[in-house]
Structures are given as structure tokens and as C-alpha cells.
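Written below as C-alpha cells is the structure these notes are about.
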Amino acid sequence: MTELDLKAANKLDFKTYQNQYCFGDVYKQINIKSSANSDYYNVDTTKIFQFLDTSGNKPATDNFRDFVSYTTDTRFYLLRNGDKDAVVAIGQSSGASARGADYWNYLCYLVPERKELKFTSLINSPFSLFISNNSLNYVEVADNIPRPASGEVVKLDYTPLITDTYDTEKNRLAHFEMNCPK
């Protein structure tokens with residue numbers, strides 16, 4: 254992992270993301286405590302591709318290159334927790350967003366297991382992935398804004414959210430709905 258040039262300056266702080274669609278409240282609601290044992294790093298795109306190329310997993314490299322081709326504003330991160338490492342790419346969905354909501358595509362690669370995971374969410378945060386009980390899990394946040402067939406735009410002073418938490422096998426671990434003040 255030395256080729257990824259992980260430095261303290263690239264380490265991420267949860268506080269940066271906690272207000273985005275009430276993500277801090279989402280974390281509290283699903284009772285995530287594992288992020289204290291995890292480190293999240295912003296990683297340069299070229300270094301990620303060099304790392305993937307040298308890890309000898311060409312399919313993963315090709316899938317990340319493809320991901321970059323169909324998303325915009327793509328960023329790469331590394332999640333580290335003990336002997337677990339996950340490369341995370343987050344890119345904005347192109348043309349598939351609901352009115353007033355930007356959805357983000359995620360592509361994750363579990364390094365030791367050579368396993369990939371894809372999902373989408375309103376949240377643009379590497380903290381959407383977390384390791385708990387030695388397993389990678391993720392939080393998917395969707396809006397639940399009423400959209401009448403008439404096309405009328407419903408004005409609310411909050412964003413109704415649907416939140417689900419899954420493991421890498423896509424087993425749902427938690428589900429709840431909440432309103433996030435604007």
C-alpha cells in the first residue's frame with residue numbers, strides 16, 4: 254500500500270460529511286461505532302490505477318476505468334481497518350438523478366478478498382462504507398419526496414429519506430425512514 258502515498262494530510266474527517274443529508278444522524282440511527290477503528294484516505298486517481306495494475310487484478314482495473322467513463326466528478330478513497338482495505342470510487346450519476354437530488358454511484362474493491370461491490374446513494378461520502386465485525390457494510394440513502402403523476406413539484410421544508418444498511422452480500426441489516434431538515 255506504500256504506492257498509494259497515504260499521508261496524514263490525506264486522511265479524512267467525518268465532520269466534513271456529517272451534515273450532508275443528515276448523514277451524522279443516519280450514522281447515529283444505525284449505531285455505527287466502527288469508524289473509530291477505520292481510517293479513510295483521499296487517494297490520487299493515477300496512484301489508484303497504478304496500485305490496481307500492480308496488484309495483478311486486471312478485471313478490477315478495467316471495471317474502475319469503466320466506472321470513470323460513466324460517472325462525473327469521480328473521486329477515489331481508501332478505507333483501512335486492520336488487515337482490511339477497500340478501494341472506493343464515488344462518481345456522480347449522469348442523467349439519472351431525480352428532480353432536485355443528485356445520486357452518486359459507488360464502486361468498491363475489497364483488496365484482500367478481490368471482491369467488488371456497487372451501489373448508489375444520495376450521500377457522496379466514503380463514510381457510507383464501514384467495517385463492522387470484520388465485514389464491509391454500506392449505507393444507502395434515497396429520498397422519499399412525493400412526486401405526483403401530475404408533475405407538480407411538492408415543496409417541503411425537509412427531505413424525507415429512506416435509509417438502508419447492507420453487507421457485501423446485499424443482505425439488509427437495517428432500514429429506517431427519517432426527515433432531514435433543509
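Numbering (this note's numbering), first residue to last: 254 to 435. No residue lacks a Cβ here, since even glycine has one placed at the ideal position from N, Cα and C.
Same chain only: Cβ atoms within 6 angstroms of Pro379, ignoring 5 sequence neighbours per side: Closer than 6 angstroms at Cβ, skipping near neighbours: Tyr293, Tyr330, Val341.
For Tyr362 and Glu393, believed in contact at Cβ under 8 angstroms, the rounded distance: Not confirmed; about 18 angstroms, so no contact.
Assigned exposure category for Asp326 - 16 Cβ within 10 Å defines buried: With fewer than 16 other Cβ atoms inside 10 Å of its own Cβ, Asp326 counts as exposed.
Val364 and Ala339 closer than 8 angstroms at C-beta: Yes, these two residues count as a Cβ contact at 8 angstroms.
Three-state class that DSSP yields for Ala351 in the structure shown: With a pLDDT of 49 at Ala351, under the threshold of 50, the modelled position of that residue is not reliable, and the figure given next carries that caveat. Of the three classes helix, strand and coil, the one that applies to Ala351 here is coil, per DSSP.
Cβ shell of Ser291 (< 8 angstroms), same chain only, five flanking positions each side left out: Only Leu332, Arg333, Asn334, Phe383, Ile384 meet the Cβ criterion.
Three-state class that DSSP yields for Arg328 in the structure shown: Under the three-state reduction of DSSP, Arg328 is assigned to strand.
Simplified DSSP assignment, three categories, for Ser291: If DSSP states are grouped into helix, strand and coil, Ser291 belongs with coil.
Per-residue DSSP class, three states only, for Ile301: Look at Ile301 here: in three-state DSSP terms it is helix.
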